[in-house]
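*Asks:* So the sequence shown is residues 101 to 255, counted in my numbering.
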Amino acid sequence: MKPIESKTEEETLALGERIGKLISQGLSIALKGDLGAGKTTFVKGLAKGLGVSEAYYITSPTFTLINEYPATPPFTLYHLDLYRLSSADELEYIGFDDIIDNNHIIVVEWPEILKDISFEFDIEIRFQFDSQYNRTLSVFASGQPGKNLLSKLFL
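(1) Please report the residue range of the beta strand (DSSP E) in which Leu113 lies.
(2) Counting only beta-carbon atoms, is Gln125 nearer than 8 Å to chain B?
(3) So who's on the other strand from Lys272, going by DSSP bridges?
(4) Please classify Ala147: does DSSP put it in a helix, a strand, or coil?
(5) For the beta strand (DSSP E) containing Ser251, name the first residue and the last one.
(6) Alpha carbon to alpha carbon, how far is Gln228 from Phe186? Give it in angstroms, no decimals.
(7) Can you tell me the Cβ-Cβ gap for Leu191 and Pro161, rounded? I've got them flagged as a contact below 8 Å.
(8) Please say whether Ser106 and Ile222 have beta carbons closer to each other than 8 Å?
(9) For Pro173, which three-state DSSP category applies?
(10) Does the structure place the stretch 161 to 170 close enough to the stretch 229 to 238 that three or more beta carbon pairs sit under 8 Å?
(11) Mind checking whether Ile166 and Tyr178 have CB atoms under 8 Å apart?
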């Protein structure tokens, strides 16, 4: 685990973009943090790093539950917000199993419900902020794809 300080929205965007540029295979990323912690801002940067067209307006999928963005081939970015789900059984209705693929980048806000199905993320990022909204992002890796990405990130 390595903590990263982010004092501005631009720094959070830049970190997401940097990680997006380092991704070389399908990956799953869990984003944990309170409302307003910077999770969707991070995804905006990640989308840019993955080559998602600026024609797409990156928003939190709070009500749609899942947003899909074509990225630089062969990748597709899936951005999920599972806050409104009451059980893991509802994952079937949003097509969660259908997006698990080696060419998909899956980013999940409010991922806690996935522990009910023993889903393991390659990367977990925990967002915390202080009273001045300075953010600390703690990045964890699980499995080889996540560890490979973090080794490149922290060179």
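Beta carbons are placed, not taken as given, at the ideal position from N, Cα and C, and that holds for glycine.
*Replies:* Here's the rundown:
(1) In the DSSP assignment, Leu113 falls outside any beta strand (DSSP E) and lies within the alpha helix (DSSP H) extending over Glu109 to Leu122.
(2) You won't find chain B in this structure, because it holds only one protein chain.
(3) The chain is shown from 101 up to 255; residue 272 falls before or after that span and cannot be answered.
(4) DSSP, read as helix, strand or coil, puts Ala147 in helix.
(5) For Ser251, there is no enclosing beta strand (DSSP E); the residue is part of the alpha helix (DSSP H) that begins and ends at Gly243 to Leu253.
(6) First, the residue type needs correcting, since residue 186 is Ser and not Phe in the sequence shown. About 24 Å.
(7) Not confirmed; about 14 Å, so no contact.
(8) The amino acid at residue 222 is misidentified as Ile; the sequence shows Asp. With respect to Ser106, Asp222 sits apart: the two C-beta atoms are not nearer than 8 Å.
(9) Note: Pro173 maps to coil in three-state DSSP.
(10) With the cut-off at 8 Å, the stretch 229 to 238 and the stretch 161 to 170 do not touch.
(11) Cβ distance < 8 Å, so Ile166 and Tyr178 count as in contact.
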